[in-house]
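Sequential numbering from 1 applies to the sequence shown in UniProt numbering. Beta carbons are placed, not taken as given, at the ideal position from N, Cα and C, and that holds for glycine. Bear in mind that the values here come from a model prediction, so they are computed numbers and not experimental data. Heads up: the structure comes next, in structure tokens.
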Amino acid sequence: MEENVWELVLSKMDIISVIAESLPLIKQGKNFKACCPFHGEKTPSFVVSPEKQIFKCFGCGKSGNAIKFVELQKSLTAIDALKYIANKFNIDISQYEKRLSPKQDSQEHLDIYEVNKTALDLFEYELLVKIKNNKDLQSFVIKRKLNKELIKAFKIGFADKETNLYKFLKGKNLNEFAIANASLITTNQKNFFNNRVIFPIQDKNGNIVAFSGRSLNSEDTPKYLNSAETSVFVKNEVLFNFYNAKAEINNLKEVYLVEGQFDVIAMYKAGYKNTVAAMGTSLSKQHLELLKNCQINLFFDNDKAGKLATQKNLRQILYWSKQLNIKPYFIINKADKDADELYNLDEGKTLKNIVENKIDIVAYLLNNFVEVKNSNLNDTEKINQYQFLFEYVYYLETDLQLVLKNKLLENKIFNAEICDELFKNYVKPNFPSSNFKVNKEKAKSSLNYVNDYPIDLNTIEPSFIEEDYQININHFPKPKNNKYKKNNPPLIGRARIIALLIKTTLQQPQFVKNWKIENFSRINYYGSQSQLKNLICYLVKLIKDQNLTDKQDWIKYIENDHKLSNNIKQEYLQLIAQINDIAETSYNKDQYDQQINKLNDSLTTKKLFTKRKV
Numbered sequence: 001m002e003e004n005v006w007e008l009v010l011s012k013m014d015i016i017s018v019i020a021e022s023l024p025l026i027k028q029g030k031n032f033k034a035c036c037p038f039h040g041e042k043t044p045s046f047v048v049s050p051e052k053q054i055f056k057c058f059g060c061g062k063s064g065n066a067i068k069f070v071e072l073q074k075s076l077t078a079i080d081a082l083k084y085i086a087n088k089f090n091i092d093i094s095q096y097e098k099r100l101s102p103k104q105d106s107q108e109h110l111d112i113y114e115v116n117k118t119a120l121d122l123f124e125y126e127l128l129v130k131i132k133n134n135k136d137l138q139s140f141v142i143k144r145k146l147n148k149e150l151i152k153a154f155k156i157g158f159a160d161k162e163t164n165l166y167k168f169l170k171g172k173n174l175n176e177f178a179i180a181n182a183s184l185i186t187t188n189q190k191n192f193f194n195n196r197v198i199f200p201i202q203d204k205n206g207n208i209v210a211f212s213g214r215s216l217n218s219e220d221t222p223k224y225l226n227s228a229e230t231s232v233f234v235k236n237e238v239l240f241n242f243y244n245a246k247a248e249i250n251n252l253k254e255v256y257l258v259e260g261q262f263d264v265i266a267m268y269k270a271g272y273k274n275t276v277a278a279m280g281t282s283l284s285k286q287h288l289e290l291l292k293n294c295q296i297n298l299f300f301d302n303d304k305a306g307k308l309a310t311q312k313n314l315r316q317i318l319y320w321s322k323q324l325n326i327k328p329y330f331i332i333n334k335a336d337k338d339a340d341e342l343y344n345l346d347e348g349k350t351l352k353n354i355v356e357n358k359i360d361i362v363a364y365l366l367n368n369f370v371e372v373k374n375s376n377l378n379d380t381e382k383i384n385q386y387q388f389l390f391e392y393v394y395y396l397e398t399d400l401q402l403v404l405k406n407k408l409l410e411n412k413i414f415n416a417e418i419c420d421e422l423f424k425n426y427v428k429p430n431f432p433s434s435n436f437k438v439n440k441e442k443a444k445s446s447l448n449y450v451n452d453y454p455i456d457l458n459t460i461e462p463s464f465i466e467e468d469y470q471i472n473i474n475h476f477p478k479p480k481n482n483k484y485k486k487n488n489p490p491l492i493g494r495a496r497i498i499a500l501l502i503k504t505t506l507q508q509p510q511f512v513k514n515w516k517i518e519n520f521s522r523i524n525y526y527g528s529q530s531q532l533k534n535l536i537c538y539l540v541k542l543i544k545d546q547n548l549t550d551k552q553d554w555i556k557y558i559e560n561d562h563k564l565s566n567n568i569k570q571e572y573l574q575l576i577a578q579i580n581d582i583a584e585t586s587y588n589k590d591q592y593d594q595q596i597n598k599l600n601d602s603l604t605t606k607k608l609f610t611k612r613k614v
């Protein structure tokens with residue numbers, strides 16, 4: 001019966017009535033038109049069909065029925081959108097209520113929530129009491145300008161090392177198992193947090209699932225100490241301050257992503273209450289699902305770590321942009337100060353000026369291309385950096401790709417010939433996708449070859465087909481039940497070439513015979529590609545040391561290698577699981593040798609900057 005509730009609700013309401021509540025519709029023939037609410041436009045391309053009871057925007061591609069419209073427009077889940085319409089039109093769905101209700105928390109989770117809430121009550125009390133005599137705590141609160149309003153709004157507390165938290169919680173007759181598994185107490189019943197300012201971390205429903213403790217002195221390490229993951233706290237599912245900010249985020253369809261808790265507080269003081277922090281963790285799909293239908297403004301420090309965080313998070317945002325209807329903007333912070341320090345310069349004036357001058361993806365990429373061009377890198381190093389940047393370009397809509405291309409020419413980053421060559425070689429669909437159908441005929445005309453060897457057209461996503469918005473996953477690999485699978489960053493561009501080399505090495509270890517380990521170790525690897533480097537060098541050394549010529553049980557080899565730490569074993573096995581899911585077939589011997597030569601031979605890539613090969 002559950003599946004019929006959707007048909008029931010749709011049959012008892014009219015899509016025109018639903019959409020007309022928030023959008024002025026103009027009658028045109030048998031349909032209605034309006035400017036699309038999901039992307040900026042001046043000429044109406046949003047069409048509603050009362051006959052088919054569907055909507056479609058021919059500008060951005062959004063389409064669906066009335067439930068889908070409410071889901072997108074109000075940033076609701078599908079079930080909440082269903083309930084909203086049922087309530088609005090007085091449609092009785094009470095018989096389905098039990099099945100539509102979210103899954104209830106287990107008793108174990110409820111017990112841990114209670115432990116965390118009780119601990120927070122103590123932390124908040126201790127801050128109020130201990131600040132009177134603790135000079136370090138006084139100094140910290142004054143320096144950070146934490147007034148009573150901010151302390152209350154963010155539920156800030158203090159963990160005193162003199163207070164035995166275990167005895168306190170036991171005295172409240174709380175569940176022993178929950179106390180031991182809330183990441184508040186060590187195995188010898190000592191405090192996990194000592195002499196730290198405490199921030200509670202809440203899930204999307206407001207439950208306190210973890211804590212983050214900031215040391216009072218910057219010299220103390222670690223500066224920030226976060227709860228370990230527990231049955232209620234999974235780092236890639238939780239964003240700091242999301243619960244408090246979600247109403248503002250949903251209202252504005254915009255969110256600011258910063259690094260830490262004090263950056264969130266600084267933005268809050270400056271009036272940006274729609275701010276969250278990833279707390280040192282890269283964005284995951286679960287994080288982004290919380291922020292769907294939003295503009296995500298990335299605001300990280302201007303140091304090397306901050307720039308790397310921007311790049312990592314941008315990759316995830318772009319990868320899921322179509323599915324989750326998200327788009328990135330960038331706050332360029334050229335000062336060597338974080339958001340908290342910027343606010344304290346002049347009570348937020350400088351911070352506001354920086355925040356309000358955000359730029360879009362085209363301007364961000366252009367700035368990076370200009371930076372590489374003006375750097376002291378040699379030509380080979382520059383083209384490697386350009387290739388890294390071009391990995392992002394494929395994700396852009398076609399019109400934005402053209403705008404970027406024109407900007408590159410206007411700023412004389414490349415001449416027209418080289419620019420065409422780079423777009424042809426590097427703006428490629430380097431990963432399988434099940435989001436949209438593949439136009440194979442169009443693909444055959446322009447995407448037959450990548451890096452001078454044929455590719456399987458069934459594994460690529462060359463274009464978004466506006467007329468056909470159906471999902472087709474028949475030709476993509478089915479997910480495998482693999483205990484080592486992890487939500488690693490997508491293997492695209494250069495990383496994908498290296499991953500395919502690893503895939504081939506795993507299947508055809510005899511291909512390594514004529515190569516030295518130096519041929520693999522001296523390849524330039526960037527960012528997360530260093531993990532791929534470690535794995536391929538490990539495999540090549542193993543093959544050569546043991547003279548392996550046939551396909552092996554590599555999982556068993558790695559699991560039994562006592563020379564590897566458990567963390568390295570896990571990293572290698574997770575990468576192998578991800579690589580095995582790549583849709584492309586492994587290289588043949590010629591392709592394998594060709595790729596190693598290309599990655600080693602700087603002269604080959606340098607030709608793009610000298611004389612084009614005729």
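Identity of the residue in the options nearest residue i by Cα
{"i": "D399", "options": "S11, Q385, G59 and N191", "result": "G59"}
{"i": "K533", "options": "S521, L542, F511 and K544", "result": "S521"}
{"i": "L290", "options": "K204, I112 and L506", "result": "K204"}
{"i": "Q387", "options": "K349, A305, G280 and I497", "result": "I497"}
{"i": "E229", "options": "I112, Q510 and L8", "result": "I112"}
{"i": "K152", "options": "L120, A182, F423 and Y166", "result": "L120"}
{"i": "N147", "options": "A266, E397 and F193", "result": "A266"}
{"i": "I201", "options": "A78, A278, Y268 and V355", "result": "A278"}
{"i": "V5", "options": "A78, L165, L366 and Q531", "result": "A78"}
{"i": "K273", "options": "Q261, N313, E248 and N87", "result": "E248"}
{"i": "E219", "options": "K74, R196, G171 and S231", "result": "R196"}
{"i": "V512", "options": "F199, D593, T43 and Q570", "result": "D593"}
{"i": "K68", "options": "C35, I19, P44 and N87", "result": "I19"}
{"i": "residue 616", "options": "T187, K155 and L150", "result": "Look at the range of the chain in this structure, 1 to 614, and you will see that residue 616 is not part of it."}
{"i": "Q323", "options": "G61, Q107, I555 and L110", "result": "G61"}
{"i": "Q508", "options": "L422, W554 and A34", "result": "W554"}
{"i": "D550", "options": "N368, K373 and T504", "result": "T504"}
{"i": "T43", "options": "I576, C35 and L573", "result": "C35"}
{"i": "I413", "options": "Y268, E371 and N425", "result": "E371"}
{"i": "S49", "options": "F38, H39 and G64", "result": "G64"}
{"i": "K563", "options": "K117, L542 and N367", "result": "L542"}
{"i": "C537", "options": "L506, N560, T118 and S565", "result": "L506"}
{"i": "L308", "options": "V9, S565, I54 and G280", "result": "G280"}
{"i": "K12", "options": "P24, I91 and K424", "result": "I91"}
{"i": "L366", "options": "F390, L351 and N353", "result": "F390"}
{"i": "F154", "options": "L137, Q28 and I198", "result": "I198"}
{"i": "D360", "options": "L318, A66 and V276", "result": "L318"}
Beta-bridge pairing of residue i - partner residues as DSSP gives them
{"i": "R214", "result": "V197 and Y224"}
{"i": "Q28", "result": "N31"}
{"i": "N181", "result": "In DSSP, N181 forms no bridge with anything."}
{"i": "A277", "result": "F240 and V258"}
{"i": "A159", "result": "R196"}
{"i": "Q95", "result": "Q95 pairs with nothing; no bridge assigned."}
{"i": "Q202", "result": "I208"}
{"i": "N191", "result": "I185"}
Where the alpha helix (DSSP H) containing residue i begins and where it ends
{"i": "G171", "result": "L165 to G171"}
{"i": "E118", "result": "One detail in the question is off: residue 118 reads as Thr in this sequence, not Glu. Here the alpha helix (DSSP H) through T118 covers Q107 to K130."}
{"i": "T504", "result": "R494 to Q507"}
{"i": "D14", "result": "It is not in any alpha helix (DSSP H) - D14 carries neither H nor E in the DSSP assignment."}
{"i": "F423", "result": "A416 to Y426"}
{"i": "I142", "result": "K135 to K143"}
{"i": "H39", "result": "Counting along the chain, H39 falls outside any alpha helix (DSSP H), and DSSP gives it neither H nor E."}
Host beta strand (DSSP E) of residue i (start-end)
{"i": "residue 645", "result": "A query on residue 645 cannot be resolved here, the shown segment of the chain reaching from 1 to 614 and no further."}
Write down every uninterrupted run of the alpha helix (DSSP H) in the region 45 to 92 whose length is 4 residues or greater and which is fully enclosed by it, in chain order. Within the region 45 to 92, the complete alpha helix (DSSP H) runs of at least 4 residues are 66 to 74 and 78 to 88.
Runs of 3 residues minimum, wholly inside the region 295 to 347: which ones carry the beta strand (DSSP E) assignment? List check, beta strand (DSSP E) in window: 295 to 298 and 327 to 330.
Can you find at least 3 beta carbon pairs, one from the region 166 to 179 and one from the region 131 to 146, that sit closer than 8 Å? The answer is no - the region 131 to 146 does not touch the region 166 to 179, with fewer than three Cβ pairs under 8 Å.
Would you call the region 284 to 302 in contact with the region 334 to 347, where contact means no fewer than 3 C-beta pairs closer than 8 Å? Flag = yes, the region 284 to 302 and the region 334 to 347 touch.
Is the region 281 to 290 touching the region 236 to 250 in the sense that three or more CB pairs, one from each, lie closer than 8 Å? Three or more Cβ pairs closer than 8 Å define a contact, and the region 236 to 250 meets that threshold against the region 281 to 290.
Below 8 Å, how does it come out for the region 129 to 139 and the region 200 to 215: are there three or more Cβ pairs, yes or no? Taking 8 Å as the limit for Cβ pairs, the verdict is that the region 200 to 215 does not touch the region 129 to 139.
Going residue by residue through the region 355 to 385, where are the continuous beta strand (DSSP E) segments of at least 3 residues, counting only ones entirely within it? Runs found: none.
Enumerated in chain order, which unbroken segments of the alpha helix (DSSP H) with a length of 4 residues or greater are wholly contained in the region 521 to 582? List check, alpha helix (DSSP H) in window: 529 to 545, 554 to 559 and 566 to 580.
For the pair the region 155 to 172 and the region 75 to 95, tell me if three or more CB-CB distances fall below 8 Å. In short, these stretches do not touch, since the Cβ pair count stays below three.
How about the region 122 to 129 and the region 80 to 88: do they share at least three Cβ pairs that are nearer than 8 Å? Per the Cβ contact rule, the region 122 to 129 is not in contact with the region 80 to 88 (fewer than 3 Cβ pairs under 8 Å).
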